[in-house]
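Protein chains in written order, with my numbering: chain B, 1 to 436; chain V, 1001 to 1157.
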């Protein structure tokens, strides 16, 4: 089932460990070996934890004020999130990965899928290749990663989970390195909720039906699953059985980010065309954001030339734009995204891809008002406008109504009390090297 | 106003813009002559794109970071207090390299001495003593210093 015949796709999922905490540690060695928690900017909940913080039992989403006692006894460091830094470090990690293969699909700020079947002969084994990726990302950027390898994205993701949870694999696990019987035993120990795309509710239903482990689910007939659950679950089971059939879009991304991007059919050179494409992706992403009832506090825009072509000049870049107020308003987001695009756009290149990643997500209506909040009246107005926009686009098809926006306005950065410097993007905030 | 600097040479977020002509970002020259796709003009080899300090100082954008220097222990190699240093993590540190190392929870810039079974971080200023790394200790190297940048008229920036 998991054989690796030539020509069949093979995926590696590279996932950064405790990404936000790891970014902070690169520039502040004092954080090494200490429990570190990165907090959401608006409500002060834990959105990233170092291993030491996890060991203290701090859960994802736990409010900072509830941790006060732990903070006293264990010296936990709580940091405001610094998306400018994380976005920059993410770009660096992706750039290192693209040095291994041009076929890199960014799934979230800290996860990428690599197609690796063409790299077969470069290393004695895929595990060795995974170790090479891990070592280079760590050496070049300071970020620790785990690598999971499998014939489908779902299996690569699962392999990554195994690599992360079992220190004996040294951060890299290739499913094919295990014999089928061994693998069955391993998967029979993993909770079904760990499977990519199986949310908490579906996991509960599965368990109710007697499907407790990954192995249980893997042994199901996809058709039966389809009848009782959904088409997506059917595909998930097929993927677990080694049949690739999921596109990234099929799987609801983790709620912490929303990614919307696409490769162009033809190369695009002009800023106008890129802007148009980007606006439509942002519109899409904003819809998803509103669907899940969230707002975002920052967004990342990226552009890329065709890395497969060796004849033309190559360029890839990205930028994080913090929003003055967390928003899910298409107009705000498009405006911010186009502002970012202008900053990174360079003439003279043929672009293959552009996209947007919405960051710093929080439930709508729970965000703190800032000094520069639009008037309440305006906010109501914009909510009404957005629901009309979503309604029309649902009814008459995507992009029936879209934004014809450009230009920029002043933007203020949301206040964050414990925010670390933008070490890599501001002259005034570079890290210090002591010569004493 | 915005969250990034214009002249950000080293960020992967903001592209390398280090103009030879102050004020104007470096741009790739465009040909105004139409040419069939796939056959680049032979003139392409002769187009000068201007000097980009990043080309000179930065080999890998992904692994290059900048630091502010605090202190004068490296003055004899021309690294002064307030200078900015370009640090490449992709370069493996060897005996004789100037490196940024992690010492007591801080980043420190020193020359790496690693010979005759001795590992030391040495200053380039006789006022500072070498720091011996004992055998049981591990030396954490952040990266190798590959350049120094100094603005002679910092106020005019």
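All C-beta atoms, glycine included, are put in the ideal place defined by N, C-alpha and C.
- For residue 342/B, the nearest beta carbon of chain V is not closer than 9 Å to its own beta carbon.
- Distance from the CA of residue 56/B to the CA of residue 160/B, rounded to the nearest whole angstrom, comes to 23 Å.
- Residue 423/B belongs to the set of residues whose beta carbon lies under 9 Å from a beta carbon in chain V.
- Looking from the CA of residue 342/B, the closest CA among 40/B, 429/B, 271/B, 88/B belongs to 271/B.
- Where residue 325/B is concerned, there is no enclosing alpha helix (DSSP H), although the beta strand (DSSP E) around it starts and stops at 316 to 327.
- Per the C-alpha coordinates, the member of 422/B, 157/B, 181/B, 418/B positioned closest to residue 10/B is 157/B.
- In the three-state reduction of the DSSP assignment, residue 262/B falls in the strand class, which pools E and B.
- Put simply, the CB of residue 1123/V is near chain B, with a gap under 9 Å to one of its CB atoms.
- Of the other Cβ atoms in all chains shown, fewer than 16 fall within 10 Å of the Cβ of residue 1078/V; this residue is therefore exposed.
- Per DSSP, residue 272/B is one residue of the alpha helix (DSSP H) stretching across 271 to 291.
- In this structure, the alpha-carbon of residue 1053/V lies about 41 Å from that of residue 164/B.
- Remark: three or more beta-carbon pairs, one from each stretch, lie closer than 8 Å, so the stretch 355 to 362 of chain B and the stretch 284 to 291 of chain B are flagged as touching.
- For residue 219/B, the secondary structure class from DSSP, reduced to helix, strand or coil, is coil.
- Within the same chain, and ignoring the five residues on either side of residue 204/B in sequence, no residue has its Cβ closer than 6 Å to its Cβ.
- Listed along chain B, no residue sits closer than 7 Å to residue 1097/V by beta-carbon distance, the nearest being about 14 Å off.
- Residue-level contact by beta carbon holds for residue 434/B and chain V, with a gap shorter than 9 Å.
- Of the residues assessed, residue 1110/V falls on the buried side of the cut-off, its CB having 16 or more other CB atoms within 10 angstroms.
- Taking C-alpha positions only, residue 1151/V is separated from residue 1144/V by approximately 21 Å.
- Contact annotation: in the stretch 93 to 108 of chain B, residues whose CB is within less than 7 Å of a CB in chain V are 95, 96.
- Residue 149/B is classed as buried because its beta carbon has at least 16 other beta carbons within 10 Å across all chains shown.
- The beta carbon of residue 1062/V falls within 9 Å of a beta carbon belonging to chain B, placing the residue at that interface.
- Among the bridge pairs identified by DSSP, residue 1098/V is matched with 1111/V.
- Under DSSP, residue 149/B shares a beta bridge with 12/B, 174/B.
- Two segments are said to touch when three or more pairs of C-beta atoms, one from each, lie closer than 8 Å; by this definition the stretch 68 to 87 of chain B does not touch the stretch 121 to 128 of chain B.
- The C-beta of residue 1118/V comes no closer than 9 Å to any C-beta of chain B.
- Residue contact with chain V for residue 354/B: absent (no Cβ-Cβ distance below 9 Å to any residue of chain V).
- Sequence-distant partners of residue 175/B (beyond 5 residues in either direction) whose C-beta falls short of 7 Å from its own C-beta, in its chain, are 2, 149, 150, 155, 159, 183.
- Spatial neighbours of residue 1071/V in its own chain (CB-CB distance under 7 Å, excluding positions within 5 residues in sequence) are listed in chain order as 1081.
- Contact check for residue 299/B against residue 354/B fails: the beta carbons are separated by 9 Å or more.
- With a contact defined as Cβ atoms closer than 8 Å, residue 27/B and residue 1108/V miss out at about 14 Å.
- Between residue 273/B and chain V, the shortest Cβ-Cβ separation is not below 9 Å.
- Pairing residue 144/B with residue 138/B gives a Cβ-Cβ distance under 9 Å.
- The C-beta distance from residue 44/B to residue 64/B rounds to 4 Å, short enough to fall under 8 Å.
- Taking the CA atoms as reference points, residue 1105/V sits about 26 Å from residue 41/B.
- The secondary-structure analysis by DSSP pairs residue 63/B across a beta bridge with 45/B.
- Per the Cβ contact rule, the stretch 229 to 240 of chain B is in contact with the stretch 187 to 199 of chain B (3 or more Cβ pairs under 8 Å).
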